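Each residue of the sequence shown is one higher than the one before, starting from 35 at the first, in our numbering.
Below you'll find the structure, written out as structure tokens, and then a few comments.
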Amino acid sequence: MRRLIINADDFGFTRDVNAGIVHAHREGVLTATTLMANGAAFEDAVRLAKETPTLDIGAHLVLVQGHSLVDGRPLPATPRALLGVLAKRGLNVYAELKAQIERIRASGLRISHLDSHKHTHLVPGVFRTVVKLADEFGVGWVRLPLDSTVRLGQLSCALGNRYYRRFAEGKNVRMTDQFLGFRLTGSLSEETFAQALRKVEEGSTEFMCHPGYLGDELQQARTRLKESRLRELEALTSPRIRQLIAEEGIQLGPF
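Spelled out as structure tokens, the structure:
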């Protein structure tokens, strides 16, 4: 069986992104999303999530961009800057991520999975903290850090993911068999999505995406993903994509 979870990152980023994510679920093939607890449109996302109970909700943990929920200070601007801050022990990762999970839970939403903004849980120390928090809060799933289609070589990705899996063993935390979509960030279209779907392997796969409407809030936001979000939304709601998933015998579902 090929089981596929299609997850939209950045729920809570802006209201037009929120609307696009919900539309991709209601009218398309999106099955899950991850919510930014420090996002500018957090409350709007919570409202939409409660109006859409079939949309699986996780936490999009943020250590880069935006402001800390612990002390209100700006978080590092880039992943590289984050590495420098972590090297100097200038950020309490556990406290920050715990506060984000607690804010989402306090809104009344159930969290089924965890991933990270800008993929910062690829950093081993951050990954260990994320797994620890998943275990503490009873969150069953954490995103597999490495996309095996990224051109680092499949062998290196397999070895890297083996390290992450080994740490998660015994922590009541699971990861899908495969993770896809990272390589297509900013370039996902109906055609590239179709190509990726044909390569989904047996077992469970998470596919990451970033859909959204291109409204005023997104236009003004500090992100490189703007027009690309609308293309992703079109791909996720394409009748051709839904038909292809059926033809390939892929089972869509939540975590």
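Using N, Cα and C, we set each Cβ at its ideal position, and we do this for glycine too.
Keep in mind the model is a prediction, meaning the values are calculated, not measured.
- In this structure, Val98 places its C-beta atom within 8 Å of the C-beta atom of Pro110.
- With 16 or more other Cβ atoms from the protein chains shown falling within 10 Å of its own Cβ, Leu82 counts as buried.
- If only complete runs of 3 or more residues are kept, the stretch 41–101 shows the beta strand (DSSP E) at 66–69 and 90–95, in order along the chain.
- Taking Gly159 as the centre and dropping the five residues before and after it, the same chain places the C-beta of Leu120 and Val127 closer than 8 Å to its C-beta, in chain order.
- Taking Gly283 as the centre and dropping the five residues before and after it, the same chain places the C-beta of Arg36 closer than 7 Å to its C-beta, in chain order.
- Contact check for Ala255 against Phe45 fails: the beta carbons are separated by 8 Å or more.
- For the 8 Å CB-CB criterion, Phe241 and Leu278 do not form a contact.
- Here Thr112 is not near Ile91, since their CB atoms are 8 Å or more apart.
- Nearest neighbour of Ala74 by Cα position, chosen from Val96, Leu89, Phe201 and Glu85, turns out to be Val96.
- Residue burial annotation: Leu193 is exposed, with fewer than 16 other C-beta atoms found within 10 angstroms of its C-beta.
- In this structure, Leu125 is the residue among Leu125, Arg217, Glu85 and Thr88 with its C-alpha nearest to the C-alpha of Leu103.
- Cys191 and Leu38 have their C-alpha atoms some 20 Å from each other.
- For Ile275, the enclosing alpha helix (DSSP H) stretches over residues Pro273 to Glu282.
- Taking 3 residues as the shortest admissible run, the stretch 90–178 contains the following complete beta strand (DSSP E) segments, listed from N- to C-terminal end: 90–95 and 147–150.
- Burial of Arg263 is indicated by the presence of at least 16 other C-beta atoms within 10 angstroms of its C-beta.
- Short of 8 Å from the beta carbon of Leu131, and not among the five residues preceding or following it, lie these beta carbons of its own chain, in chain order: Leu95, Leu97, Thr163, Val164 and Leu167.
- Its chain contains His101 as the residues whose beta carbon lies nearer than 7 Å to that of Arg107, once the 5 sequence neighbours on both sides are disregarded; these appear in chain order.
- At a Cβ-Cβ threshold of 8 Å, Ser150 and Pro288 do not count as neighbours.
- In its chain, beyond the 5 residues on either side, Gly62 and Val63 have a beta carbon closer than 8 Å to the beta carbon of Arg276.
- The three-state secondary structure of Ser262, taken from DSSP, is helix.
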